[in-house]
Structures are given as structure tokens and as C-alpha cells.
Amino acid sequence: MLDRLEEALNDCSEATRLRESYTWAKNERIAVLIALKRLTEARQEAQEVMKTDAKSGAAVRNFADTYYLAGEIVTGRKILSEAIDSKRFEGVELSILYFARAFAEFRAKGDLDAVIRDYTTFLDMSPGNAPAIRNRSLVYRAKREYDLALRDHLA
51 MLDRLEEALN DCSEATRLRE SYTWAKNERI AVLIALKRLT EARQEAQEVM
101 KTDAKSGAAV RNFADTYYLA GEIVTGRKIL SEAIDSKRFE GVELSILYFA
151 RAFAEFRAKG DLDAVIRDYT TFLDMSPGNA PAIRNRSLVY RAKREYDLAL
201 RDHLA
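For the sequence shown, the positions run 51 to 205 when the numbering used here is used.
Okay, structure coming up:
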């Protein structure tokens with residue numbers, strides 16, 4: 051698996067070398083760095099993308115993930131919440147932030163009601179998204195709200 055991640059990292063690096071403004075490839079490179087646990091490097095690159103593309107929800111998500119994965123839950127939560135509240139993001143970029151915050155909060159054993167609200171907001175923006183429906187079902191199950199968990203599971 052490590053070889054495949056290194057190969058993906060090289061591919062993303064080559065894509066951004068060929069086209070410096072290729073934000074998608076930069077964000078994918080950051081996600082690979084996170085998977086490789088190279089959090090400091092990923093954090094620095096995410097900050098650079100956020101400077102050059104202020105509306106990249108994926109860069110904010112990646113930046114926050116470096117904090118969540120380092121155990122700095124409060125900082126990760128603050129980054130995502132401030133981005134959502136900033137009104138800088140809309141559409142897909144905003145939905146990325148809601149999904150990221152819900153996923154990270156559930157993983158960090160955060161406020162389950164807030165997690166459900168974020169997944170519901172995301173699903174309002176991206177109806178039928180199977181991972182979000184499945185994840186919200188897991189949260190309902192964690193809250194022992196089995197009827198709602200089943201409803202999502204069967205959706």
C-alpha cells in the first residue's frame with residue numbers, strides 16, 4: 051500500500067508541476083500526504099492552497115484533518131466551523147466542509163446531535179449521497195435511535 055501511496059504522491063506532484071494552478075491535484079497530493087501521516091508537510095501545503103484558492107473547501111478540509119489526526123480536535127473543529135460561518139463557500143465547496151466536520155466530529159466522539167445536523171445539512175445540499183446517509187445511520191445507531199438508523203440504512 052505504501053508503494054501505491056508514493057506513486058499517487060508522485061502523480062499529483064507531476065500534475066501540479068505541469069499546471070501550477072491545478073488545485074484539485076494539489077488537494078489530492080495533500081490527502082496522500084495525510085494518508086502517509088506526513089501531517090506537517092500536508093498542513094503547510096494546505097495553507098498554501100488556501101492562500102492561492104480562497105474558495106477551496108477541500109484545502110480547508112485537508113488543513114483541518116491534519117489537526118484532527120494529530121489529536122488537536124478543538125483546532126480542527128474551529129477551522130471547519132470558521133470556514134462554514136465565513137460565508138466564503140457555497141455549493142460543493144460548502145458541502146465538503148459540512149461532511150468533513152460531521153465525519154471528523156464523529157470520529158473524535160464529538161457532539162452526536164451536531165454530527166447529525168451537519169450530515170443532514172450536507173444531504174440537503176447533496177441528496178442521496180450514500181456515504182453521508184450511511185454515516186448518519188451510524189450516528190443514529192450510536193445514539194440508540196434505531197428507527198432513524200434503519201430509515202437511513204434503507205434509503
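Just so it is clear, CB atoms sit at the ideal spot from N, CA and C, and this is done for glycine as well. Treat the numbers as computed from the prediction; the structure is a model and nothing was measured.
message: Applying the 10 Å Cβ sphere with the 16-neighbour rule, what's the burial state of Y196?
response: exposed
- request: Measure the C-alpha to C-alpha separation of G141 and D53 and round it to an integer number of angstroms.
  value: 35 Å
message: I'd like the ranges of any alpha helix (DSSP H) spanning at least 4 consecutive residues and lying wholly in the segment 86 to 117.
response: 89 to 102
message: Check this for me: beta carbons of R151 and S176, under 8 Å apart or not?
response: R151 is not a Cβ neighbour of S176, given a cutoff of 8 Å.
message: Tell me the DSSP secondary structure of R69 in three-state form.
response: coil
- prompt: How should N60 be labelled, buried or exposed, when 16 other C-beta atoms within 10 angstroms of its C-beta is the threshold for buried?
  reply: exposed
- prompt: Run through DSSP, which three-state label would E140 get?
  reply: coil
message: With the cut-off set at 8 Å, would you say D103 and I84 are in Cβ contact?
response: no
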